Structure formats: structure tokens, C-alpha cells
Amino acid sequence: MTETTQENYERRVKRYAALLHGTDQDGLICKLQMYQSFLEKQRDIGDRLWKIEPLLFYLIKLLEQDVHLTLAKFFDDNGYGIGKFTRFCITSRRQITWSSGQSPDETLLNDQEEALKAHEECIKSIVGRRNKFFAHRDKEYLDQPDQVFSDYPLTEDDVVSLANTLISIVSKHETGILGGGFSFHLAEFIEISVDNMVRNLEAGRKLNFPDQNLG
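If you want it as C-alpha cells, here you go:
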């Protein structure tokens, strides 16, 4: 049976929502909140964080890579790419209906497409790093792995901004279909948990290494 435009639309939104919310804490929203929380903690107390627990440096880098890989899934050049989705919504707007009985607002859809275009360079770098380095390492980066970060430059703030734009777009469509409902996740509690984690690590460091100067 041929899929209707509405069914196609809802299937895509459901797929994007699954990547955002994931299973348990496996979705982008929770990963992003954890990443942001660690970044804010490091900016707040600086290199003192690595004195409290040196492994946190590697943990944050692994988390950063995970965020990049999850983001890259939204920009694969296939039918599920978010760019193709926004264009599909614009061209098929009148065949799409939200729970309100109305079609998505044309201005909203155009704004969403423009918001993604504003992150084009960030998107290119995220996909480039995934394709050339994380998924399988191209020979040009075997001897000089750090070169990939120059060839595909990214800042932490650019990545967070892109992720928040993506979350905003998908959430708008998800709530439109559900009529104001949304998927529940634990992102709201992660910032508190990261703060508690660092404080507990600091208390343990002071107990186990009383002579260490944490600054």
C-alpha cells in the first residue's frame, strides 16, 4: 500500500524523536545536556577539574565524540536527512495536518530551513569528522590524526547551538502531531547530577590524597 504524505511525515518525525529521546539515556538530548553540564563545570573551575579527577578529561572527549556521531545521523544524505525533511514539509505543507487540524505554518517551516542553513559549516565539519575519522579513518589521517580537526574545524559552542536548533525543530513537529504532548526524558536532572558527581569526586580526592593541592 502506498504511503500517504501524512504517514510519511509522521514516520519521519517519529524517527527523529527517537534519535532525540532515545532509549533510557541514549538520546541526543540527554547526551547534550551531560556534555553541556561538563563544559560549564570546566569553564567555571578551569583546569582544577582535571586535578579533581584526571579521567574526566577523557570522559568529556568521549562524550563529545558521541554527541558528534549522534548529530551526524540527522544529516546523512538520504531520505531521513533533516534538510530533506524541512524541504519536504515546505513543499507538502498542505497535505500535512497537525492535531489542531491545521497545517504547519509556512513561515515556521521557512524559518526552520533558514536556521539549519545558518549552521552549514558546522554540519559539514560534523559529517566530515564522522566520515573521515570516527567511522573509518582515511589514510590521510593515519599519520597525522590531529589534522582532521583543522580540516573540519568545530567549536564547542557551535556544536551545542546546532544541537539546540535541531532539537527545537523536531520538538515543534512532535508537539504539533501530539497536540502539546512531548516525550519524557531526564535531561532536566543531569546538570544537578553532574554537579553532585564533581563535588563527590572532589570530596573523595581530598580524603584519599590529603596532601594534593587542588587549587
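Just so you know, we're using this note's numbering here: the sequence shown kicks off at 4 and counts up by one.
Think of the CB as a built atom: it goes at the ideal place given N, C-alpha and C, for glycine as much as any other residue.
Source: prediction; values computed, not measured.
Nonlocal neighbours in the same chain, by C-beta distance under 7 Å from residue i, ignoring five residues either side
| i | result |
| --- | --- |
| LYS135 | ASP141, TYR144 and VAL151 |
| LEU72 | ARG133 and PHE137 |
| ALA75 | ILE129, VAL130 and ARG133 |
| THR100 | GLN9 and SER106 |
| MET37 | LEU66, ILE193 and VAL197 |
| GLN98 | THR8 and GLN9 |
| GLY218 | ARG51 and LYS54 |
Candidates the options, of which the one nearest residue i by Cα
| i | options | result |
| --- | --- | --- |
| GLN215 | LYS54, ARG15 and GLU10 | LYS54 |
| GLN115 | GLU159, THR168, LYS64 and THR8 | THR168 |
| ALA265 | ILE180, LEU165, LYS34 and SER174 | Any question about residue 265 goes unanswered here, given that the chain covers just 4 to 218. |
| LEU52 | ASP198, ASN211 and LEU210 | ASP198 |
| THR178 | GLU6, THR5, TYR19 and ASN11 | TYR19 |
| GLY84 | THR110, THR158 and LEU119 | LEU119 |
| ASP161 | PHE60, ASP29, TYR61 and VAL70 | VAL70 |
| GLU159 | ARG90, LYS64 and ILE172 | LYS64 |
| ASP47 | VAL163, VAL201 and GLN147 | VAL201 |
| PHE221 | CYS33, GLY49, GLY104 and ALA21 | Residue 221 lies beyond the range of the chain shown here (4 to 218); nothing can be said about it. |
| GLU13 | ASN203, GLU117 and SER95 | SER95 |
| ILE32 | GLU109, SER174, GLU117 and GLU6 | SER174 |
| SER153 | GLY104, HIS176, VAL163 and LYS127 | LYS127 |
| VAL163 | THR89, GLN39 and ASP29 | GLN39 |
| SER171 | LEU23, GLU6, ASN11 and THR5 | LEU23 |
| GLU205 | GLY30, GLY104 and LEU59 | LEU59 |
| PRO156 | LEU62, PRO57 and GLU123 | GLU123 |
Segment limits, alpha helix (DSSP H) that includes residue i
| i | result |
| --- | --- |
| LEU145 | That residue, LEU145, is in no alpha helix (DSSP H); it is neither H nor E in DSSP. |
| TYR12 | 8 to 24 |
| GLY131 | 123 to 132 |
| TRP53 | 51 to 55 |
| THR100 | Unbroken run through THR100: none, as it is neither H nor E. |
| HIS139 | Per DSSP, HIS139 belongs to no alpha helix (DSSP H) and is neither H nor E. |
| TYR38 | 31 to 48 |
| SER174 | 159 to 181 |
| GLN105 | Run containing GLN105: none; DSSP gives neither H nor E here. |
| GLY86 | 85 to 94 |
| ASP154 | 150 to 154 |
| THR73 | 58 to 76 |
Chain-order list of residues whose beta-carbon lies under 6 Å from that of residue i (same chain, five-residue window excluded)
| i | result |
| --- | --- |
| ASP80 | none |
| SER196 | none |
| LEU210 | none |
| ILE93 | LEU112 |
| ARG208 | ILE55 |
Chain-order list of residues whose beta-carbon lies under 8 Å from that of residue i (same chain, five-residue window excluded)
| i | result |
| --- | --- |
| LYS2 | With the chain represented from 4 up to 218, any question about residue 2 goes unanswered, as that position is not in the structure. |
| VAL16 | VAL173, HIS176, GLU177 and ILE180 |
Chain E within 8 Å of residue i, Cβ atoms only
| i | result |
| --- | --- |
| LEU145 | Any reference to chain E falls outside this structure, which holds one protein chain only. |
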